[in-house]
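Residue numbers (the numbering used here): 301 to 684. Backbone N, C-alpha and C fix where the C-beta goes; we use that ideal spot for every residue, glycine too. Read the structure below first, then the notes.
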Amino acid sequence: MNDELEKEIAKRDGRFKANGVSAELDELMATTHQSSLLYLEGLAKHWYANDNRPIYFDILIENKINGLCYATPEVPEAFDFIGITALSICTIYDLYYRLLSDPRIFPELGNCEHEISDRGSIISLRDLKQNSQNFSCKPIHPSRTALAESLAKLTIRFLLNHEFAHINNGHIAWVRENSSASQCVFIQEMVSNDEELDLKEYRRALEMDADCTAIQYTMNDLRSRHEHLKQHMSDDVLASFLGVMLPESQLYETTLDCFKTTVRVAYFFLRLLDPSQWNGMNIGSHPHLAQRMHYCMGVMFSYTLERPQCEVTLEQAQNVIPAIIQEAENAFAYLLNSEPDFRGFNSAATNDPARTASLNELRASWATMRDSLIQKKRHSAKLA
Ligand SMILES: [Zn+2]
301 MNDELEKEIA
311 KRDGRFKANG
321 VSAELDELMA
331 TTHQSSLLYL
341 EGLAKHWYAN
351 DNRPIYFDIL
361 IENKINGLCY
371 ATPEVPEAFD
381 FIGITALSIC
391 TIYDLYYRLL
401 SDPRIFPELG
411 NCEHEISDRG
421 SIISLRDLKQ
431 NSQNFSCKPI
441 HPSRTALAES
451 LAKLTIRFLL
461 NHEFAHINNG
471 HIAWVRENSS
481 ASQCVFIQEM
491 VSNDEELDLK
501 EYRRALEMDA
511 DCTAIQYTMN
521 DLRSRHEHLK
531 QHMSDDVLAS
541 FLGVMLPESQ
551 LYETTLDCFK
561 TTVRVAYFFL
571 RLLDPSQWNG
581 MNIGSHPHLA
591 QRMHYCMGVM
601 FSYTLERPQC
611 EVTLEQAQNV
621 IPAIIQEAEN
631 AFAYLLNSEP
641 DFRGFNSAAT
651 NDPARTASLN
661 ELRASWATMR
671 DSLIQKKRHS
681 AKLA
């Protein structure tokens, strides 16, 4: 029990509790809770230099943010905490159910010949968020449903990876030291523009680091699944069953698949949960959406260059990234019955001056914080 954290959770309408109104929702929250906690404990065990420091996880009811993270100072009974909201979990699942219900979207994933175009249509992303907990549209073929659920789980992990990076890279300790208001010891995902005025340019740099780190954790996660799969694939009989028994293996069958899935998950996550306008400027607590996509993709390029063992060439990366962004924008256009929106992509591809200027601002903030963060990070690896 910790007053600082409990007060914040209470302010955010408390923790999700099963209420029996929808058995499906209760079960989804229970399984997400269990798997998220296990995953975060695994990350902490892998990364933390201090292996006595526990990490806790909860699902929150709040509907204004997507998640938050918290860390106590180095006191007796110190701990870390990550919370994500029930609404963001539902929205992510509902999105992928709708995407995979349309045979024009991800046609190579699973068996899409029974799916029907436009079944998953939505009015707007806001509307999707408001009605997501009904799960009113699911793919017809079980392989498509299984793949939708696997992509949803990976996207939730991307959010967990992002929150974990805030803790692991010393961000919360930095905010605790530099912020005047007590509420600022929490890092919240997407706060409104008028909060935390004094720290915003630094907060944005922390968000940039958390995004870039989340990309790398996601790629590592998929590559370890790939390695595991490869061991089993040496057995021909088993290999022929795997595609049927485990449709999700399609997402990491080759190292290039791992790369593609990472880009997909990151792009859909950022695009879904931050439907802001494409003006390229830095204003709020988080960098502009086009900016976040731009440097996330940059991280994917450098990942291929720095790790030849990941077996994805720069040329493949250069082909895959724009193709996936276009695929994602087309997918949103199908769901929304609108035209694909390539403004963010074009702003990154053409070195748009507003975006370049705000990227420079992010880097300058990062440079001023970096030495202090090195003292505060939880692990012995290098920072960006
Ligand atoms: Zn964040």
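Asked	Found
Is DSSP giving residue 567 helix, strand or coil here?	helix
For the alpha helix (DSSP H) that contains residue 603, what are its first and last residues?	589-606
Closer than 6 Å by C-beta to residue 594: which residues in its own chain qualify, once you throw out the five before and the five after it? Chain order, please.	648
Leaving out five residues on either side along the sequence, give the residues of the same chain with a beta carbon under 8 Å from the beta carbon of residue 601.	614, 617, 618, 621
Are the beta-carbon atoms belonging to residue 611 and residue 650 less than 8 Å from one another?	no
Below 8 Å on the Cβ atoms is my guess for residue 347 versus residue 468; work out the distance and round it to an integer in Å.	5 Å
Can the beta-carbon of residue 505 be found closer than 8 Å to that of residue 465?	no
Across which residues does DSSP place residue 458 in a beta bridge pair?	None; residue 458 has no bridge partner.
Is it the case that the CB of residue 462 approaches a heavy atom of ligand 3 more closely than 7 Å?	Inclusion of ligand 3 in the displayed structure is not the case, the ligand content consisting of ligand 1 alone.
So residue 390 and residue 382 are in contact, right, with Cβ under 8 Å, and what is the actual spacing, rounded?	That belief does not hold up - the Cβ atoms of residue 390 and residue 382 are roughly 18 Å apart, past 8 Å.
Just how far apart, CA to CA, sit residue 394 and residue 310?	27 Å
Within 10 Å of its beta-carbon, does residue 334 have 16 or more other beta-carbons around it, so buried, or fewer, so exposed?	exposed
So is residue 351 buried or exposed if we call it buried at 16+ other beta carbons inside 10 Å?	exposed
So residue 512 is in the alpha helix (DSSP H); what residue range does that whole segment cover?	500-533
Is residue 515 near ligand 1, with its Cβ less than 7 Å from a heavy atom?	no
Let me check understanding here. Comparing Cα to Cα, which of 677, 683, 668 lies closest to residue 349?	677
Alpha carbon to alpha carbon, what distance is there between residue 683 and residue 675?	11 Å
Given residue 559, which residues of its chain have a CB within under 6 Å of its CB, disregarding the five upstream and five downstream residues?	612
What's the C-alpha gap between residue 624 and residue 669?	33 Å
For residue 359, does the count of other Cβ atoms within 10 angstroms reach 16, so buried, or fall short, so exposed?	buried
Where do the ends of the beta strand (DSSP E) carrying residue 357 lie?	355-360
Alpha carbon to alpha carbon, what distance is there between residue 553 and residue 527?	9 Å
Over what stretch of residues does the alpha helix (DSSP H) that includes residue 382 continue unbroken?	From DSSP, residue 382 is part of no alpha helix (DSSP H) but of the beta strand (DSSP E) over 380-385.
For residue 370, which of helix, strand or coil comes out of DSSP?	strand
Would you say residue 585 and residue 503 are within 8 Å of each other, going by their C-beta atoms?	yes
Helix, strand or coil for residue 404, going by three-state DSSP, please let me know.	coil
Would you report the Cα separation of residue 403 and residue 524, rounded to the nearest angstrom?	30 Å
Can you tell me which residues form a DSSP beta bridge with residue 488?	368
How about residue 410 and residue 447: are their beta carbons less than 8 Å apart?	yes
Answer with buried or exposed for residue 588, where buried requires no fewer than 16 other C-beta atoms within 10 angstroms of its C-beta.	buried
Within 10 Å of its beta-carbon, does residue 338 have 16 or more other beta-carbons around it, so buried, or fewer, so exposed?	exposed
Is there at least one non-hydrogen atom of ligand 1 closer than 7 Å to the beta-carbon of residue 330?	no
Give me the Cβ distance between residue 400 and residue 439, rounded to the nearest whole Å; I'm assuming they're in contact under 8 Å.	4 Å
Who are the Cβ neighbours of residue 318 in its own chain at under 8 Å, not counting the five residues just before and after it?	326, 329, 330
Do residue 380 and residue 386 have their C-beta atoms within less than 8 Å of each other?	no
Write down the C-beta distance between residue 582 and residue 661 rounded to the nearest angstrom, noting that I regard them as a contact closer than 8 Å.	6 Å
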